[in-house]
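What follows is a short report on a single structure.
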């Protein structure tokens, strides 16, 4: 059974991947090739993953005793390209279950 922390790790990875695909592949195709289908295809899954990431962060805040500063960094990571890839390494390392 997956713990909430491991679910957060997976969601953080998937949210980061979806954001990179949306930002660096779908958006340029939309504007350079006048083809918005990739933005439409990736937009909804990315939005769902983003919201899930934020909700899980709020759920884990008290469990992992994150300070306001750390919690702000974790939330900020969701809007910085490649940001969520570092969350597991720097803020979840002490809670690793395998």
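Residue numbers (this note's numbering): 1076 to 1173. Beta carbons: idealized from backbone N, C-alpha and C, even for Gly.
* What separation, rounded to the nearest whole angstrom, lies between the Cα atoms of residue 1165 and residue 1117? -> 28 Å
* **Proximity of residue 1083 and residue 1131 at Cβ, strictly below 9 Å** => yes
* Work out the CA separation of residue 1124 and residue 1102 for me, nearest whole Å. => The alpha-carbon separation between residue 1102 and residue 1124 amounts to approximately 18 Å.
* Asked: Cα-Cα, which of 1076, 1094, 1079 and 1080 is closest to residue 1152?
  -> 1094
* Measuring CB to CB, does residue 1126 end up less than 9 Å from residue 1150? -> No. Outside cutoff.
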